[in-house]
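Enquirer: Numbering (our numbering), first residue to last: 6 to 143.
1. Cα separation between residue 141 and residue 87?
2. Would a C-beta distance cut-off of 8 Å place residue 128 and residue 80 closer than the cut-off?
3. Should residue 25 be labelled buried (16 or more other beta-carbon atoms within 10 Å of its own) or exposed?
4. Taking DSSP as the reference, what is the three-state secondary structure of residue 54?
5. Please list, in chain order, all residues of the same chain as residue 62 whose beta carbon is under 7 Å from its beta carbon, the five residues on each side excluded.
6. Alpha carbon to alpha carbon, how far is residue 47 from residue 55? Give it in angstroms, no decimals.
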């Protein structure tokens, strides 16, 4: 019985240690309205189902959140500012975003959703990531 308890505690400790934390700082929040929505994706479910998500009030030029990831690995981050509270990225009739958005590894305005390998970040330890928001130039 004692061995079973120790084994259970050991497994619990290992699972806690293997979880990774990703701290994301969202920059260029030009309008302090609405909510910053963050989705973290693995390759198998990219832009479909998140493995982690978070949200924070858009109340300053920079917003920082921390999410717990299930394990080390490659993940891509997609972010948008939900200005009107409808829980979706609003687009115009051509599909161009009408609300600010951003992706991990995006240094300039992305033309369309980047491929997973372009947006992916290798997270093998706790990591700080900076993601700027972009407004549509159209």
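Where a beta carbon is used, it is the ideal one built from N, C-alpha and C, also for glycine.
Expert: Walking through what the data contain:
1. Their Cα atoms are separated by approximately 14 Å.
2. Going by C-beta atoms, residue 128 is nearer than 8 Å to residue 80.
3. Residue 25 is buried by the Cβ-count criterion.
4. Residue 54 falls in the coil class under three-state DSSP.
5. Contacts found: 40.
6. If you take the alpha carbons of residue 55 and residue 47, they lie about 7 Å apart.
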